[in-house]
Structure formats: C-alpha cells, structure tokens
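Residues 0 to 214 in numbering that gives the first Met the number 0 are what the sequence shown lists, from first letter to last.
For each residue, glycine too, the CB sits at the ideal point set by N, CA and C.
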Amino acid sequence: MSPGGVLDVGQQALATEAAADPRREAARREEQALLVRLRRGDPEAFESLVHQHQDRLYDFCFRMLGDREEAHDLVQEIFVSVHQNVRRFREDARLSTWLFRISKNHCLNRLKYLQRRGRGRSDVYDEVSAAAIAEGGGAPPQPDAALDAARERARVQRAISQLDPDARMLVALRDIEGLSYDEIVDITELPEGTVKSRLHRAREKLADLLGRFEP
Numbered sequence: 000m001s002p003g004g005v006l007d008v009g010q011q012a013l014a015t016e017a018a019a020d021p022r023r024e025a026a027r028r029e030e031q032a033l034l035v036r037l038r039r040g041d042p043e044a045f046e047s048l049v050h051q052h053q054d055r056l057y058d059f060c061f062r063m064l065g066d067r068e069e070a071h072d073l074v075q076e077i078f079v080s081v082h083q084n085v086r087r088f089r090e091d092a093r094l095s096t097w098l099f100r101i102s103k104n105h106c107l108n109r110l111k112y113l114q115r116r117g118r119g120r121s122d123v124y125d126e127v128s129a130a131a132i133a134e135g136g137g138a139p140p141q142p143d144a145a146l147d148a149a150r151e152r153a154r155v156q157r158a159i160s161q162l163d164p165d166a167r168m169l170v171a172l173r174d175i176e177g178l179s180y181d182e183i184v185d186i187t188e189l190p191e192g193t194v195k196s197r198l199h200r201a202r203e204k205l206a207d208l209l210g211r212f213e214p
C-alpha cells in the first residue's frame, strides 16, 4: 500500500456521509432511548453500551497508545468512568461522541503517565500487535495475504506512534474511525479550522514517516 493510500482509510465512509443521514437519525433515536435506560441504572442497557462501542474505543486507544495491554486496561477504565458520569451527561453531543471525548481525555492522561515512566509495556509494533487492530467480518484471508496485511498495519501503527499525541488523535478520529469534522470538534473542543489545519499537517507528517519505513 502506498503512503497516500494509507491516508484514505475511512474515506469511503466519509464520502457517503450525506446518504447516511437517515441512518444517523435512526442511530440518534436509538442512543436517546438507550440513554434513558442508562440513567435509570438498567444493567442490560450498560451491557448493550459496552457491546456496541468497546471495539471502536479499543481501536482508538490502541492507535493512541500503541500498546495492546494498555489499551485493554484503559477501555475498562473508560467504561467505569462512563458508568459513574452518565447521569451528568449534558447531551451537548451524541452519546457516541461523548464516549470518544472521555476516551480522548483518558488516552492523553495515560500517555503523560507513560512518558513519566519512560515507556509503555511494549514499544514493539510487531505483526501480532498489528493484527490486534479490529478486523471486519467475513472469511479470513489466505495466510500470505494475512501476513502482508499484518505487516502493513504494523508499519502504519509504527508511523502513527511517531506523531505527537494531538496529531495522532486527529488522524485516528478522522482517517481511521471516519468521524465527521462536527464530531471531532465536539470531541476535541477545538474550532473546525484548527482541526482541519492540524489534521493537514499531521497527514503530511504521517506520509513522510511512512515513506521512510520499509513496507
């Protein structure tokens, strides 16, 4: 995959944002109904919330931290925080966006903690680490294709890990998770113009890093 091609991750979803409006409206109604149940303390509602969002939040945390164990532990902490604070959620954003906002704060705090320690649990972005990034459904690829894909994911994650945390976050939210600019503004609490300019610089840096690393 070329450096430019990597930056297209998530773009197919972004290109269909307009067509997805009815689906997003239906998702908002479902989130509202779920939020009502969460505020009542319904344990099944919380289980449903975890089931719906844990994979994406893990993927985001892994992109930010570059460490599978740290990401796994952090997702558990994030859902504890959600459980404790859901009644105080002001509904100033979608519930899913609020989850990413909490995840963003936890990731940045964990990165500061890991920097004080000098490193995380693992600084090696090997093929197994790459394969831990959430996979889609369907039949598994052939062994050679799977190995090539794992190596490419490892290369991408290695490059992402070289970005500063804010740039890493924007690339993960927009180009990996495929979130809209409105959602990213809600998550980062930055002006849209700032988000776009910083993302542009982050993409340029990422493309440069990918060009240096062996495919």
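| query | result |
| --- | --- |
| Val170 vs Ala201 beta-carbon contact at 7 angstroms | yes |
| CB contact below 7 angstroms: His71 versus chain B | No chain B is present in this structure, which holds just one protein chain. |
| Stretch pair the stretch 20-33 + the stretch 71-83: three plus CB contacts closer than 8 angstroms | no |
| Whole-angstrom C-beta distance between Glu176 and Phe59, which should lie under 8 angstroms | 6 angstroms |
| Short Cβ contact (7 angstroms threshold) for Asp185 with Ala92 | yes |
| Distance, Ile159 Cα to Tyr180 Cα | 20 angstroms |
| For Leu162, three-class secondary structure by DSSP | coil |
| Same chain, Cβ closer than 8 angstroms to Pro164, neighbours up to 5 away in sequence not counted | Met63, Cys106, Leu107, Leu110 |
| Segment limits, alpha helix (DSSP H) that includes Val79 | 67-84 |
| Contact check, Arg38 vs Arg86, beta carbons under 7 angstroms | yes |
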